[in-house]
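Chemist:
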Amino acid sequence: MAAADVMKTWPQESREAAKLVLDTYGEPDEVSESQFIWHEAGPWKRIVASKTFFNHNFPAPHSDSVESFIDYHVPPEKFSDLAAFDGSVIVERTAGEVSARCHDEQANFLALNLMHDIVIGAKTVEEARQYYAKEFADYRRKKPTPYMEKLRFTPNGGDTTDPDQRMLSDEDLKRAQEEGKKAE
């Protein structure tokens with residue numbers, strides 16, 4: 001089934017955002033009733049356009065339904081800063097991915113470029129929020145918006161996954177299993 005046919009049942013907010021991705025990258029690689037997925041589209045590991053959208057008030061009211069993913073390692077000590085910066089920047093530590101979910105690709109570029117600035121220490125959370133608001137407004141003013149044009153950094157190459165640290169040895173697990181059998 002073609003994406004355009006599926007979208008007919010989607011809310012206007014989601015249809016509008018998904019159409020922008022369709023216009024840029026063509027038919028998705030995967031189509032379901034609730035989402036479209038493009039793999040390796042443009043600079044992205046994947047893009048997901050969803051039927052479900054979220055109302056988001058930062059920096060001004062809009063809806064989020066298009067999520068753009070990159071491979072990127074975020075040190076755990078930076079997670080709180082990124083959460084404070086923008087609730088639509090999502091860090092998946094184990095998978096080694098970061099995504100931004102907004103209305104369009106340009107806003108996702110903006111969010112991820114500022115995410116990178118926070119991670120490397122080039123901007124504080126407050127500086128990034130102020131810059132986001134300024135560039136968001138400049139886009140509507142038809143002024144230059146360098147952070148919305150493309151990724152201004154190269155996503156991490158290689159393995160960005162973080163499987164974390166093992167805390168239970170095989171012996172600990174065996175002992176726990178034996179204790180569980182005795183409790184039966």
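Per full-length UniProt numbering, residue 1 is the first one in the sequence shown, and the count goes up by one each step.
Ideal placement from N, C-alpha and C gives every residue a C-beta, glycine not left out.
Could you please give me the residues that DSSP links to residue 37 through a beta bridge?
Modeler: Bridge partners of residue 37: 30, 48.
Chemist: Can you grab the Cα-Cα spacing for the pair residue 123 / residue 152, in whole Å?
Modeler: Rounded to the nearest angstrom, the two C-alpha atoms are 14 Å apart.
Chemist: DSSP state of residue 170, grouped into three classes?
Modeler: Reduced to three states, the DSSP call for residue 170 is helix.
Chemist: Which ranges does the alpha helix (DSSP H) cover as unbroken runs of at least 4 residues, wholly within the region 66 to 135, from first to last along the chain?
Modeler: Listed in chain order, they are 79 to 85, 105 to 120.
Chemist: Are three or more beta carbon pairs between the region 90 to 105 and the region 68 to 77 nearer than 8 Å?
Modeler: The region 90 to 105 is in contact with the region 68 to 77.
Chemist: Is the beta carbon of residue 89 sitting closer than 8 Å to the one on residue 17?
Modeler: Cβ distance not < 8 Å, so residue 89 and residue 17 don't count as in contact.
Chemist: Count the C-beta pairs between the region 46 to 53 and the region 134 to 154 that are closer than 8 Å, then say yes if the count reaches three, no if not.
Modeler: Taking 8 Å as the limit for Cβ pairs, the verdict is that the region 134 to 154 does not touch the region 46 to 53.
Chemist: Take residue 81 and list the residues in its own chain whose beta-carbon comes closer than 7 Å to its own, dropping the five residues that flank it on each side.
Modeler: Same-chain partners within the cutoff: 118, 125.
Chemist: What residue range does the alpha helix (DSSP H) around residue 161 cover?
Modeler: Taken as a continuous stretch (DSSP letters only), residue 161 belongs to no alpha helix (DSSP H), as it is neither H nor E.
Chemist: Taking just the CA atoms, how far does residue 142 sit from residue 164?
Modeler: Straight-line Cα distance between these residues: approximately 45 Å.
Chemist: Just the C-alpha distance for residue 155 and residue 19, rounded to the nearest angstrom, thanks.
Modeler: Roughly 26 Å between the two C-alpha positions.
Chemist: Using the DSSP secondary-structure output, state which residues sit across from residue 54 in a beta bridge.
Modeler: Residue 54 is bridged to 64.
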